[in-house]
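Here's the structure we're looking at; comments come further down.
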Amino acid sequence: MTTTPEDFLALTNAKGRYCYTLDTRDWAGFGDLMTDDMELDVSDGGTGVPVITGRDAAVDMIRSSLTNARSAHQVHTPLIEVDGDEATVVWAMQDRVVWENGPALTGYGHYHERWVRQDGAWRIKALRLTRLIMEFTTPGS
1 MTTTPEDFLA
11 LTNAKGRYCY
21 TLDTRDWAGF
31 GDLMTDDMEL
41 DVSDGGTGVP
51 VITGRDAAVD
61 MIRSSLTNAR
71 SAHQVHTPLI
81 EVDGDEATVV
91 WAMQDRVVWE
101 NGPALTGYGH
111 YHERWVRQDG
121 AWRIKALRLT
131 RLIMEFTTPG
141 S
């Protein structure tokens, strides 16, 4: 397995687009970063959300979970391994989600991802979020 500088940069840019389209609610652009059969696992941390299969179902679940919320997602220090047109990536992550008239979450953890190159573009095939810290606050606290 050899990760070229070009693949490293392309995967880093794709994940940057993931955070940007998510936080700006560009759902079409967000979905374009996923394969049709994408698998999403955000069950860590007691969310009660089952593993979701399919790009449309994943986008719909994330969209509904962020209704009436503002968010900021950051990723850094990726561990990237590329093997041809497939890549395994682990990103350190931090997110902040503030729901209107509700709690706010500051979270830290890792995205564990499998990417595939389709038609020259990297797309997420599987994403599993693991949480190390979840801090909830309520307005006025």
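Residues 1 to 141 in full-length UniProt numbering are what the sequence shown spells out, letter by letter. Glycine is no exception: its CB is placed at the ideal position from the N, C-alpha and C atoms.
Leu33 carries a coil assignment under DSSP once its states are collapsed to helix, strand and coil. In the pairwise beta carbon analysis, the stretch 32-50 is classified as touching the stretch 121-130: at least three pairs are separated by under 8 Å.
If you check the CB distance, Ala87 and Leu11 come in under 7 Å. DSSP assignment within the stretch 27-80 yields the following whole beta strand (DSSP E) runs of 3 residues or more, N-terminal first: 34-41.
A contact between stretches requires three or more CB pairs, one per stretch, nearer than 8 Å, and the stretch 58-75 meets this requirement with the stretch 21-29. The beta-bridge partner set that DSSP reports for Thr88 consists of Glu81, Arg114.
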